[in-house]
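**Student:** Position one of the sequence shown corresponds to residue 1 (our numbering), numbered consecutively onward.
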Amino acid sequence: MTTALIVGDIQRGITDGYPFARQVVAPLTGLLPRARKAGALVVFVHFAMRDNGTDLPDGALYRSFFDAGDAFHEGSPGTELALPVSEEDVVVLKRRASAFAGTDLDLVLRARGVRDLAVAGVATSAMVTATCYDAADRGYPVTVLRDGCADSDPAVNDFLLDTVFPSRGFEVVSCAEWIGDTA
Numbered sequence: 001m002t003t004a005l006i007v008g009d010i011q012r013g014i015t016d017g018y019p020f021a022r023q024v025v026a027p028l029t030g031l032l033p034r035a036r037k038a039g040a041l042v043v044f045v046h047f048a049m050r051d052n053g054t055d056l057p058d059g060a061l062y063r064s065f066f067d068a069g070d071a072f073h074e075g076s077p078g079t080e081l082a083l084p085v086s087e088e089d090v091v092v093l094k095r096r097a098s099a100f101a102g103t104d105l106d107l108v109l110r111a112r113g114v115r116d117l118a119v120a121g122v123a124t125s126a127m128v129t130a131t132c133y134d135a136a137d138r139g140y141p142v143t144v145l146r147d148g149c150a151d152s153d154p155a156v157n158d159f160l161l162d163t164v165f166p167s168r169g170f171e172v173v174s175c176a177e178w179i180g181d182t183a
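(1) Per DSSP, what kind of secondary structure is THR54 in: helix, strand or coil?
(2) Of the residues ILE10, PRO27, MET1, which one's Cα is nearest the Cα of ALA99?
(3) Looking at the strands, I want to know which residues DSSP matches up with CYS149.
(4) Cα separation between THR103 and GLY180?
(5) Would you call the stretch 68-87 and the stretch 112-132 touching, i.e. three or more CB-CB distances under 8 Å?
(6) In terms of DSSP beta bridges, what is ALA4 paired with?
(7) When you compare the stretch 1-8 with the stretch 40-53, are there three or more beta-carbon pairs, one atom per stretch, that lie closer than 8 Å?
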């Protein structure tokens, strides 16, 4: 398979601190073994900032994450993944919304011959959207996993999944539709 599953920001500081994020853990946990069995490259992307703040851009959004305590500080328990990682998976550290911004993700995908991406994670209005647009700009066809995404605002989540993503040519399917449970 020449497909990768990109799972973003499903990490302890987010699933423990933001209740909306917990709803994607079960569907993604069930999907992971099926994706691996189908030969998809599983890529986990997690967010962290340096303790000294040298990677903070101007603006209140990232400052609020930085000031929230160590949940988003590199090396803290809050940045640990909240899903089971296998030896064959790839883990990428990011410091911005997109999984591609300032990371080696594209290099890894191209080295593995990946041509198609499925994207899941939180928040739909941040990590998922930024990653999907970055992926499309790099020429990857994108599928978004509906039940693998969540946002603090359900109306925004639904608008992105039902209107924006399809209008941009992104396929939107459930985790089961993407790689079904054949067990």
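Heads up, the beta-carbon is just placed ideally off N, CA and C, and yes, glycines get one too.
**Tutor:** In this structure, then:
(1) coil
(2) ILE10
(3) The partner list for CYS149 (beta bridge, DSSP) reads GLY121.
(4) 30 Å
(5) The stretch 68-87 makes no contact with the stretch 112-132, as fewer than three CB pairs between them are under 8 Å.
(6) LEU41, LEU117
(7) yes
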